[in-house]
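Q: Quick one: this structure, given as structure tokens, is what I'll be asking you about.
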Amino acid sequence: MEIKLNREVLLGQGGFGAVFLGTFQGREVAVKRVELIRANANEGKNLKQINHPNVVQLFHVECTDDFKHFALELCTASLDQIFLEPNDPKKYNGPKLPYHFEIFSQLASGLEHIHSRNLIHRDIKPENILISVDSTGQDVKVTMKWADFGLSRAVNERGTFTMNSGVKGTSYWYAPELLRISHNFQSQPKKMEQPRGTVKSDVFALGLVYAFLLLDGEHIYGSHINEIHENILKGSAININKLERSHYAYDLINEMLKMEPNDRMSSSNIIERLKSEKLKLADKEKVMLQLCTIRDPIFPSTDQSEKLKTLIRQGVDVNVKNSNGSNALHLLCQYNSSERLIDIIQLFIQQGIDVNGENNYENNALHLLCKFNRSERLIDVIQLLIELGIDVNGENDEGDALHLLCQFNTSERLIDAMQLLIELGINVNEKTIYENNALHLLCRFNTSERIIDAIKLLIQGGFDVDGNNVRSFLWEKANINYDKIIKLFQSLTIDFIF
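Numbers 109 to 606, taken from the numbering used here, label the letters of the sequence shown in order.
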């Protein structure tokens, strides 16, 4: 066989086969192995008809006496794994997933392509949506891909097909018409007319997946299988009220979950709807960024917070950036000094904002906080960002967080902020690309009343001080604290030549 599988590395297992790690023509692949007697004869044929970035790629199919083997594109995890418990070894812990709207668009695009090839998937569920991570370029790219076409079928031009062998798939992701057919098959199989399926059942299942994502892994029709079946048949999406009515996907999901197939939108309709919603979201995202740049007391912090919460509930992308590459966290740290600053920042963090993201000038949120912010809660925000994993030693052209504090920040919390950074292990002797260290920047630029305390703190923190370190940065006598600084260094018996 050209396909080689590693039986010791099981990637997944289902009712119709198992997936192992393997290789094909020198590349790592996922090898799906299905017993020949249970294999869908058309699975390979159907997949070969599909060439789309949001559908898993099939490389090769081979058979032995007992099994059919599919060499498939290797992905990192399935969508359901993002909601596993943190200690579960199968939980997805890879790069951050795209924004929900982007996931919705990718899935709709892939499904529309499948349907355009006159195929129906028939087993749409989070387990059959794979997460592909491509880190070969400069940026990591995360893509959603439809997988497992073992139940796929050809459909006619109207998108329907005969269901001679009954309903296939996973029952709590069934559309209501499939549940009705399934129940009729079980209760009176001989009296049934030959039923027909439709691609619109895929649309219903996709609506369930969209809701599953927005509800953080919860099914929109209930919490256990009997409840889910009963509520789907009644048309009672009991968890729909957990979604904000003004959310861009609220009405979309409701239309995808219509009881009758003919009342549902098509997969191509979903794409058009999402394009329309994207334009509306873009306007709301501009408003969100503008709110983050408003300084107090021009805008009451309580009003600002509530307006931001409303926009987030409506589904804006909290990681959207302005023309300078700044996201909401950058702007809050640069402009906002309200008493509720940390509460607003935590709101964005809960929504998954990129804490370590940089703008076009290589500034992260910590840089901007140290450079511009005069909030009374400066220390609390620094601590929060560091707890969330921001790089305390990260640098841009102006230096690291300590450099920026020493050059620009004259707030009452300057000493406390410097003390915190030093305790966290920041290198007090680090230099900028212009060969400036923290002491240089303090002596030349900083006009804080507590500058003497700041200089003493640097020295206590291990700064290697001598005359050459500061002499060239005092010659202009530009610092209003010039005399105080000179007296301090003279008291430390440091030799200066002026």
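Every residue gets a Cβ at the ideal spot worked out from N, C-alpha and C, and that includes glycine.
Run through the DSSP bridge pairs and tell me what CYS514 is partnered with.
A: Taking the sequence shown and counting its residues from 1, the one referred to as residue 514 is at position 406. None; CYS514 has no bridge partner.
Q: For ASN292, which option in ALA436, GLU352 and MET271 has the closest C-alpha, if you only look at C-alpha atoms?
A: Translated into the one-based positions of the sequence shown, residue 292 becomes position 184. When each option's Cα is compared against that of ASN292, the closest is MET271.
Q: Among CYS441, ILE402 and SER446, which has the Cα closest to the Cα of HIS475?
A: Numbered from 1 along the sequence shown, position 367 holds the residue referred to as residue 475. It is CYS441 whose Cα lies nearest to the Cα of HIS475.
Q: DSSP on LYS415, reduced to helix/strand/coil?
A: Locating residue 415 in the sequence shown gives position 307, counting from the first residue. Residue state, collapsed to three classes: helix.
Q: With respect to the alpha helix (DSSP H) encompassing MET396, which residues constitute its N-terminal and C-terminal limits?
A: Here the question's residue 396 lines up with position 288 in the sequence shown. It spans 375 to 401 - the alpha helix (DSSP H) in which MET396 sits, taken as one unbroken run.
Q: Am I right that ALA255 and LEU238 are in contact with their C-beta atoms under 8 Å? What's the rounded C-beta distance?
A: For the purposes of this step, residue 255 is taken as residue 147 along the sequence shown, with counting starting at 1. For the purposes of this step, residue 238 is taken as residue 130 along the sequence shown, with counting starting at 1. Confirmed, about 5 Å.
Q: Does the ligand HEM have a heavy atom nearer than 7 Å to the CB of VAL489?
A: Absence of the ligand HEM is noted for the structure shown, with no ligands found whatsoever.
Q: Pick out whichever of PHE480, GLN412 and LEU419 has its Cα sitting closest to the Cα of TYR443.
A: One-based indexing of the sequence shown puts residue 443 at position 335. Measuring from the Cα of TYR443, the nearest candidate turns out to be PHE480.
Q: Can you give me the start and stop residues for the beta strand (DSSP E) that ASP499 sits inside?
A: For the purposes of this step, residue 499 is taken as the residue at position 391 of the sequence shown. Counting along the chain, ASP499 falls outside any beta strand (DSSP E), and DSSP gives it neither H nor E.
Q: For a test of the three-state rule: what should DSSP assign to HIS327, helix, strand or coil?
A: Here the question's residue 327 lines up with position 219 in the sequence shown. If DSSP states are grouped into helix, strand and coil, HIS327 belongs with coil.
Q: Within the continuous alpha helix (DSSP H) that includes LYS308, where are the two ends?
A: For the purposes of this step, residue 308 is taken as residue 200 along the sequence shown, with counting starting at 1. Element bounds for LYS308: 308 to 322.
Q: Thinking just about the alpha-carbon of each residue, which of LEU360, ALA509, LEU439 and GLY325 is nearest to the one in LYS539?
A: For the purposes of this step, residue 539 is taken as the residue at position 431 of the sequence shown. For LYS539, the nearest C-alpha among the options comes from ALA509.
Q: Look at the alpha carbon of LEU496 and the alpha carbon of ALA562, and state the distance between them as a whole number of angstroms.
A: For the purposes of this step, residue 496 is taken as the residue at position 388 of the sequence shown. For the purposes of this step, residue 562 is taken as the residue at position 454 of the sequence shown. In a straight line, the C-alpha of LEU496 is about 27 Å away from that of ALA562.
Q: Please state whether DSSP places THR268 in a helix, a strand or coil.
A: Within the sequence shown, residue 268 is the residue found at index 160, counting from 1. THR268: strand per DSSP, three-state reduction.
Q: Which class does ASP117 belong to by DSSP, given the choice of helix, strand or coil?
A: Translated into the one-based positions of the sequence shown, residue 117 becomes position 9. Per the sequence shown, residue 117 should be read as Val rather than Asp. The answer is strand: DSSP assigns VAL117 an E or B state.
Q: Of the residues THR410, VAL428 and GLN412, which one's Cα is nearest the Cα of ALA390?
A: Counting from 1 along the sequence shown, the entry for residue 390 is found at position 282. Ranking THR410, VAL428 and GLN412 by Cα distance to ALA390 puts VAL428 first.
Q: Can you give the beta carbon distance from ASN148 to GLY305, rounded, assuming they're within the 8 Å contact cut?
A: Residue numbering aside, residue 148 sits at position 40 when the sequence shown is read from its first letter. Residue numbering aside, residue 305 sits at position 197 when the sequence shown is read from its first letter. Not a contact, Cβ separation roughly 15 Å.
Q: Going by beta carbon distance, what residues of the same chain come within less than 7 Å of ILE158, once the five residues before and after it are set aside?
A: The residue given as residue 158 occupies position 50 in the sequence shown. Around ILE158: HIS221, ILE222 and ARG225.
Q: Among ILE457, THR418 and ASN468, which residue has its Cα nearest to the Cα of CYS431?
A: Counting from 1 along the sequence shown, the entry for residue 431 is found at position 323. The sequence shown places Ser at residue 431, not Cys. Looking at the Cα atoms, ASN468 is the closest of the given residues.
Q: Does the CB of LEU399 have a neighbour CB from chain C at under 8 Å?
A: The structure shown contains no chain C; it is built from a single protein chain.
Q: Mind checking TYR542: buried by the 16 CB within 10 Å criterion, or exposed?
A: Numbered from 1 along the sequence shown, position 434 holds the residue referred to as residue 542. Counting Cβ neighbours within 10 Å, TYR542 comes out exposed, since fewer than 16 surround it.
Q: Taking the beta strand (DSSP E) that LEU180 falls in, what are its first and last residues?
A: The residue given as residue 180 occupies position 72 in the sequence shown. First-last of the beta strand (DSSP E) with LEU180: 175 to 180.
Q: Would you list the one or two residues that DSSP bridges to LEU259?
A: Residue mapping note: residue 259 aligns to position 151 of the sequence shown, counting from 1. Paired residues: none, contrary to the question.
Q: What is the DSSP secondary structure of HIS332, counted as helix, strand or coil?
A: For the purposes of this step, residue 332 is taken as residue 224 along the sequence shown, with counting starting at 1. Reduced to three states, the DSSP call for HIS332 is coil.
Q: Just the Cα atoms here: how many angstroms apart are GLU531 and ASN545?
A: In the sequence shown, residue 531 corresponds to position 423, counting from 1. In the sequence shown, residue 545 corresponds to position 437, counting from 1. The straight-line gap from Cα to Cα measures roughly 18 Å.
Q: Decide if ARG485 is buried, meaning its Cβ has at least 16 other Cβ atoms within 10 Å, or exposed.
A: By one-based count along the sequence shown, residue 485 stands at place 377. Buried: at least 16 other Cβ atoms inside 10 Å.
Q: For the alpha helix (DSSP H) holding HIS223, just list the boundary residues, first then last.
A: As a first step, residue 223 is located in the sequence shown; it is residue number 115 there, counting from the start. Per DSSP, HIS223 belongs to the alpha helix (DSSP H) from 208 to 224.
Q: For CYS183, which of helix, strand or coil comes out of DSSP?
A: One-based indexing of the sequence shown puts residue 183 at position 75. Reduced to three states, the DSSP call for CYS183 is coil.
Q: Closer than 7 Å by C-beta to HIS168: which residues in its own chain qualify, once you throw out the five before and the five after it? Chain order, please.
A: Position 60 of the sequence shown holds residue 168. Excluding sequence neighbours, HIS168 sits near GLU110, ILE111, PHE132 and ALA179.
Q: Over the uninterrupted alpha helix (DSSP H) stretch that includes LYS592, give me the two end residues.
A: Here the question's residue 592 lines up with position 484 in the sequence shown. Taken as a continuous stretch (DSSP letters only), the alpha helix (DSSP H) holding LYS592 covers 590 to 599.
Q: How many Å lie between LYS253 and GLY218 at the Cα?
A: One-based indexing of the sequence shown puts residue 253 at position 145. One-based indexing of the sequence shown puts residue 218 at position 110. For LYS253 and GLY218, the distance between alpha carbons rounds to 7 Å.
Q: Ends of the alpha helix (DSSP H) at ILE457?
A: Locating residue 457 in the sequence shown gives position 349, where the first residue counts as 1. Unbroken alpha helix (DSSP H) run through ILE457: 449 to 458.
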